[in-house]
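Residue numbers (the numbering used here), protein chains in the order written: chain A, 52 to 339; chain B, 26 to 290.
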């Protein structure tokens, strides 16, 4: 929902009749100038309102456990193959590059250290969020959008079922619970990728790699990654549901809503990542 | 018009008074006054974009008007809170234009949805009620119907499942949103018969919004015409036939099915 700028008066700019009107026209022009900004703020506010309502409805009866489990299966179990595939190759490719770089100093044994930290703090949470957005976030937006245009959302309301409680809350909870889980799966499979490349293919000594990995990678790195995944889950569900439920029109709009959901989630995840890192650097200073 | 007011009226189940609604600069409803007769089929006709769907959404409390009143059995439903409006909504069942079945649920789950959401009934009782409705709506003999999903049903079947879902909580008032749109003539006739039978067998008050003139004159007890946000013609079928409003006349004759032989010019 974006705000519309005030329509210009018919016949071009009207001459102000009085000082008050001149002031009003001045404000109107100012309003038009800032309309993209106010529009963006409105959209952001609508997202926050939707999120707030979804959280509030979590604590009101009835509790539909089945819907939560269904969504957790969709977001989590359903994404398992793609997360494992991407996780493996992310670990493998990153360690390949790391080995090539570390070879300059003959320090290939640091590969587990470097890739382990990268996976825990950045690669696993961000790639998991992006992959699950592409798979489950787009699915959510499409499903809700087609429910909206086929009046299924209205039908829910006629049975006195709140659409936010029935549709958004389970998706929100499932996303923010399952993204950290999937992120951990990504980490584990990513490390298998490291093992395959570093130990099997490049025959670097396992004992040294492991010892340096233990030395360098802290449980706090994983906790940081999990906290980020939680917020990425919130972002994904909110953007996808907002775009899905906000749709008006026909099949074309459904497609556009899905695209907007994926793009807005991906961008928000990356921007949010930056700020979360800044916040967590204060909360858990690096290297302590 | 009968006397209107906040008292329960034996004849009129719903009384709409001076209802206004705008969306931005668009003034959709411009003072709608209409009474809906208890136990009868009340059809509201009008062209596309005349505010029929908006009016219907107001009846169920899905939209709030800018001004005006809607009395359902004497209770003004405008400005009620969530809980009070939910209580009123239980009197209503709505049949959507394209059925609006939940496509993640099968036929039985769709029909039972209102019951499962509102009450804690034993499973056997829910199934009994679902099966008796399936039988009543001639769906029971379709093989495997109970486990089918909406995507596997034909348009007519979907509509009947939608009706079953609207009927299962035994509503007093049934709202139909353009029930015959997109159906072939035979399916249209079947839907007409279904509306008539439902009204007769369950004694429900039916409110149908439609632009299908042939159907309207086949089944309506009362006809009202919504034009540019106001009701321009209103009365029993005979009354409306006897002295049609010029717009209604044009509308009916454009459809090529109705000719007003004795109507004044």
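Backbone N, C-alpha and C fix where the C-beta goes; we use that ideal spot for every residue, glycine too.
Find the residues of chain A that neighbour residue i, judging by a C-beta separation of less than 8 Å, and give them in chain order.
i: residue 87 of chain B; result: 205, 208 and 209
i: residue 111 of chain B; result: 211
Would you identify the three-state DSSP class for residue i, choosing helix, strand or coil?
i: residue 266 of chain B; result: helix
i: residue 122 of chain A; result: helix
i: residue 164 of chain B; result: coil
i: residue 33 of chain B; result: coil
i: residue 80 of chain A; result: helix
i: residue 40 of chain B; result: strand
i: residue 235 of chain B; result: strand
i: residue 183 of chain A; result: helix
i: residue 120 of chain B; result: strand
i: residue 101 of chain B; result: strand
i: residue 46 of chain B; result: strand
i: residue 230 of chain B; result: strand
i: residue 280 of chain A; result: helix
i: residue 330 of chain A; result: helix
i: residue 254 of chain A; result: coil
i: residue 286 of chain A; result: helix
i: residue 269 of chain A; result: coil
i: residue 297 of chain A; result: coil
i: residue 148 of chain B; result: helix
i: residue 259 of chain A; result: helix
i: residue 54 of chain A; result: In this prediction, residue 54 of chain A has a pLDDT of 42, which is less than 50 and means its spatial position is unreliable; what the coordinates show is noted afterwards. The answer is coil: DSSP assigns residue 54 of chain A none of H, G, I, E or B.
i: residue 287 of chain B; result: Only weak support is given to the placement of residue 287 of chain B: the predicted model assigns it a pLDDT of 48, under 50, and the value that follows is read from those uncertain coordinates. In the structure shown, residue 287 of chain B sits in coil (DSSP, three-state: anything other than H, G, I, E or B).
In chain B, which residues lie with their C-beta within 8 Å of the C-beta of residue i?
i: residue 15 of chain A; result: Outside the shown range of chain A (52 to 339) lies residue 15 of chain A, about which nothing can therefore be said.
Let's see if you can read the secondary structure: which residues bound the alpha helix (DSSP H) around residue i?
i: residue 83 of chain B; result: 77-84
i: residue 56 of chain B; result: First-last for residue 56 of chain B: 51-62, but that is the beta strand (DSSP E), not the alpha helix (DSSP H).
i: residue 135 of chain B; result: 132-143
i: residue 69 of chain B; result: Unbroken run through residue 69 of chain B is the beta strand (DSSP E), 66-70; no alpha helix (DSSP H).
i: residue 110 of chain B; result: 107-114
i: residue 206 of chain B; result: From DSSP, residue 206 of chain B is part of no alpha helix (DSSP H); its letter is neither H nor E.
i: residue 275 of chain B; result: 271-279
Kindly indicate if chain A contains any beta-carbon less than 8 Å away from that of residue i.
i: residue 125 of chain B; result: yes
i: residue 114 of chain B; result: yes
i: residue 288 of chain B; result: Residue confidence is low: residue 288 of chain B scores 45 on pLDDT, short of 50, so the model does not pin down where it sits. No coordinate-derived value is stated.
i: residue 174 of chain B; result: no
i: residue 48 of chain B; result: no
i: residue 117 of chain B; result: yes
Are the C-beta atoms of residue i and some chain B residue less than 8 Å apart?
i: residue 304 of chain A; result: no
Since residue i and residue j should fall inside the 8 Å C-beta cutoff, what is the C-beta to C-beta distance between them, to a whole number of angstroms?
i: residue 199 of chain B; j: residue 99 of chain B; result: No, residue 199 of chain B and residue 99 of chain B are not in contact; Cβ-Cβ is about 20 Å, not under 8 Å.
i: residue 272 of chain A; j: residue 171 of chain A; result: 4 Å
i: residue 87 of chain B; j: residue 46 of chain B; result: With 8 Å as the limit, residue 87 of chain B and residue 46 of chain B do not qualify as a contact, their Cβ atoms being about 12 Å apart.
i: residue 83 of chain B; j: residue 69 of chain B; result: About 12 Å separates the two Cβ atoms, so there is no contact after all.
i: residue 140 of chain B; j: residue 154 of chain B; result: 7 Å
i: residue 222 of chain A; j: residue 294 of chain A; result: Rounded, the Cβ-Cβ distance is 12 Å, inconsistent with contact.
i: residue 244 of chain A; j: residue 143 of chain A; result: 4 Å
i: residue 187 of chain B; j: residue 267 of chain B; result: The pair is not a contact, with the Cβ atoms about 35 Å apart (cut-off 8 Å).
i: residue 212 of chain A; j: residue 142 of chain B; result: 6 Å
i: residue 304 of chain A; j: residue 313 of chain A; result: Contact doesn't hold; Cβ gap of about 15 Å is too wide.
i: residue 237 of chain B; j: residue 67 of chain B; result: No, residue 237 of chain B and residue 67 of chain B are not in contact; Cβ-Cβ is about 15 Å, not under 8 Å.
How would you list, in chain order, the residues of chain A whose beta-carbon sits under 7 Å from the beta-carbon of residue i?
i: residue 139 of chain B; result: 210
Using the beta-carbon of each residue, which ones in chain B are nearer than 7 Å to residue i?
i: residue 201 of chain A; result: 123 and 125
Need the endpoints of the beta strand (DSSP E) that residue i sits in, please.
i: residue 193 of chain A; result: It is not in any beta strand (DSSP E) - residue 193 of chain A instead sits in the alpha helix (DSSP H) that spans 189-200.
i: residue 4 of chain A; result: Because chain A in this structure spans residues 52 to 339, residue 4 of chain A falls outside the shown range and cannot be described.
i: residue 312 of chain B; result: Outside the shown range of chain B (26 to 290) lies residue 312 of chain B, about which nothing can therefore be said.
i: residue 202 of chain B; result: 198-202
i: residue 259 of chain B; result: 255-261
i: residue 213 of chain A; result: Here residue 213 of chain A belongs to no beta strand (DSSP E), and DSSP marks it neither H nor E.
i: residue 92 of chain B; result: 92-97
Would you say residue i lies against chain D (beta-carbon separation less than 8 Å)?
i: residue 283 of chain A; result: This model lacks chain D altogether, as its protein chains are A and B.
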